[in-house]
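All residue numbers for the sequence shown refer to our numbering, where the first residue is 28 and numbers rise by one.
Idealized CB from N, CA, C, for every residue including glycine.
Below you'll find the structure, written out as structure tokens, and then a few comments.
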Amino acid sequence: MNKTDVLIIGGGPAGSACAWRLKQNGADCLVLDGQAFPRFKPCAGWVTPGLLRDLDLTPEDYPPGMVTFRQFDIALRGLRFKMRTHQHAIRRIEFDDFLLRRSGAPVIQHAVKEIRQVNGVYDVDGEYQARWLVGAGGTRCPVCRQLFDAESPRPADALVVAQEDEFYYPMRDERCRLWFLQNGLPGYAWYVPKANGWLNVGVGGMEAQLKANGDTLKRHWNLLVKQLDELGLVRGYEYRPSGHSYYLRRAGVAPSRGNALLAGDAAGLATRDMGEGIHPAVQSGLRAADAILTGGEYTLRGIQGLSLWSLLGLAA
Ligand SMILES: Cc1cc2nc3c(=O)[nH]c(=O)nc-3n(C[C@H](O)[C@H](O)[C@H](O)COP(=O)(O)OP(=O)(O)OC[C@H]3O[C@@H](n4cnc5c(N)ncnc54)[C@H](O)[C@@H]3O)c2cc1C
Numbered sequence: 028m029n030k031t032d033v034l035i036i037g038g039g040p041a042g043s044a045c046a047w048r049l050k051q052n053g054a055d056c057l058v059l060d061g062q063a064f065p066r067f068k069p070c071a072g073w074v075t076p077g078l079l080r081d082l083d084l085t086p087e088d089y090p091p092g093m094v095t096f097r098q099f100d101i102a103l104r105g106l107r108f109k110m111r112t113h114q115h116a117i118r119r120i121e122f123d124d125f126l127l128r129r130s131g132a133p134v135i136q137h138a139v140k141e142i143r144q145v146n147g148v149y150d151v152d153g154e155y156q157a158r159w160l161v162g163a164g165g166t167r168c169p170v171c172r173q174l175f176d177a178e179s180p181r182p183a184d185a186l187v188v189a190q191e192d193e194f195y196y197p198m199r200d201e202r203c204r205l206w207f208l209q210n211g212l213p214g215y216a217w218y219v220p221k222a223n224g225w226l227n228v229g230v231g232g233m234e235a236q237l238k239a240n241g242d243t244l245k246r247h248w249n250l251l252v253k254q255l256d257e258l259g260l261v262r263g264y265e266y267r268p269s270g271h272s273y274y275l276r277r278a279g280v281a282p283s284r285g286n287a288l289l290a291g292d293a294a295g296l297a298t299r300d301m302g303e304g305i306h307p308a309v310q311s312g313l314r315a316a317d318a319i320l321t322g323g324e325y326t327l328r329g330i331q332g333l334s335l336w337s338l339l340g341l342a343a
């Protein structure tokens, strides 16, 4: 039996931020993740200066390298304009591995199946025991499904579906492009250049609205591929897209039950306007750690629900 004070399920941004804060304060914790890191995670990898601040990270301190954008090229229902901004782009396969290693926490590859509570202690698969449990396992987090979903099921109208591909494509345009509400997509499509010749392209939108319109994400993916070809942005590449879904922020989420706390996508925290989930994941992971360290309340109040202010450089 492996015993620890805090067992963190999931080593993505939410789990690694929680582990980092706990280790910095001398707490005993262990991270379990079903996948071996570095692991692939479908994500455009657009990140904000606020996120880097919370992680005490600068672009110069980040060995894999990140791209900085001072402008977005936007199309809103076909209306084109440029928006001044200050944002960055990373590759999740590198970023998540970097953060998890930097946390200094022990990590074991283990896909969690069964969680039980025995005499006030959480028992995971009969192999791991802890007084505190942090559910940071993303959309399908077992902590959320087994300890929270019955009480507060996640609403279908907050579900985003997304499809993307990330690939090496050095002959490219360095500008970040976003196409909002195009061809009836209840969401947006993106073209995000990364450091060292990598590129991420994708589409994401509200699943319930797509269904209500009799539409599919696949149709929008095919339209994006066609558009990238027509604009000369990507040509002659054989796509291998991956899909994923996650929940946007909504009111009334109870992020803790007893000593079990949810962070990141497990709690459904992505911003309502842009589906930005990395920063809320890190913010909630850090807060979960603080609540455990201080015995204080674990609350999601004040965690950003919109991205617009940070895009415009107006976020605190
Ligand atoms: C296509 C796409 C594009 C996106 N683009 C952006 C973007 O540009 N910017 C942005 O901010 N957000 C973006 N998001 C959202 C962002 O990816 C998520 O909000 C973010 O990854 C949440 O982090 P997390 O740590 O909560 O979960 P995750 O990053 O999903 O990490 C969860 C971890 O838990 C592990 N796990 C799951 N189940 C188990 C189990 N049973 N046992 C053990 N381990 C388990 C997984 O292996 C995984 O490593 C995008 C999402 C998608 C799908």
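Between Tyr274 and Ile101, the alpha-carbon positions lie close to 24 Å from each other.
If you check the C-beta of Tyr273 against ligand 1, you find a heavy atom less than 7 Å away.
In the displayed model, Leu250 falls within a helix according to three-state DSSP. Set against 7 Å, the gap from the CB of Ala71 to the closest heavy atom of ligand 1 is smaller. DSSP places Asp60 in the uninterrupted beta strand (DSSP E) bounded by Cys56 to Asp60. Rounded to whole angstroms, the separation of the alpha carbons of Ala44 and Leu103 is 34 Å. In the structure shown, Glu87 adopts helical secondary structure according to DSSP, grouped into three states. Looking at the DSSP output, Ala297 shares a beta bridge with Leu275.
With a 10 Å radius around the Cβ and a threshold of 16 neighbouring Cβ atoms, Asp88 comes out exposed. Linking Gly323 to Val309 through their CA atoms gives a straight-line distance of about 18 Å.
Inside the stretch 105-136, DSSP marks whole alpha helix (DSSP H) runs of 4 or more residues at positions 119-130, from first to last along the chain.
Val228 and Asp242 have their C-alpha atoms some 20 Å from each other. Of the residues assessed, Tyr218 falls on the buried side of the cut-off, its CB having 16 or more other CB atoms within 10 angstroms. With contacts defined by Cβ atoms closer than 8 Å, Val252 and Ile36 do not form a contacting pair. A Cβ-Cβ separation of about 4 Å places Leu226 in contact with Tyr196 under the 8 Å criterion.
For Phe96, same chain residues with a beta-carbon under 6 Å away, outside a window of 5 residues either side, are Gln114 and Cys203 in chain order.
Under a 10 Å Cβ-count criterion, Phe175 is classified as buried, with 16 or more other Cβ atoms of the shown protein chains found around its own Cβ. Looking at the backbone, the Cα of Ala116 and that of Lys221 are separated by about 6 Å. Taking the Cα of Arg143 as reference, the smallest distance to any Cα among Phe99, Asp152, His137 and Ile135 is reached at Asp152. Secondary-structure assignment with DSSP links Ala157 through a beta bridge to Thr31 and Tyr149. The criterion of a C-beta distance shorter than 8 Å is not satisfied by Val148 and Ala290. Residue burial is scored here from C-beta neighbours: Glu303 has at least 16 other C-beta atoms within 10 angstroms and is therefore classed as buried. Here Val145 is exposed: its Cβ has fewer than 16 other Cβ atoms, across all protein chains shown, within 10 Å. Between the stretch 276-286 and the stretch 174-190, the count of Cβ pairs shorter than 8 Å is three or higher; the stretches touch. Straight-line measurement puts the Cα of Tyr325 at about 7 Å from the Cα of Arg314. Nearest in C-alpha terms to Leu34, of all of Ser337, Ser311 and Ala316, is Ala316. For Glu193, DSSP records a beta bridge to Asn227. Taking the Cβ atoms as the reference, Thr85 lies roughly 30 Å from Asp55, outside the contact range of under 8 Å. Ala63 and Gln136 have their C-alpha atoms some 6 Å from each other. Bounds of any beta strand (DSSP E) do not take in Gln310; it lies within the alpha helix (DSSP H) bounded by Ile305 to Thr321. Taking C-beta separations shorter than 6 Å and ignoring five residues to either side along the sequence, the partners of Trp47 in its chain run Ser130, following chain order. Residue environment: Thr298 is assigned as buried (16 or more neighbouring CB atoms within 10 Å of its CB, all protein chains considered).
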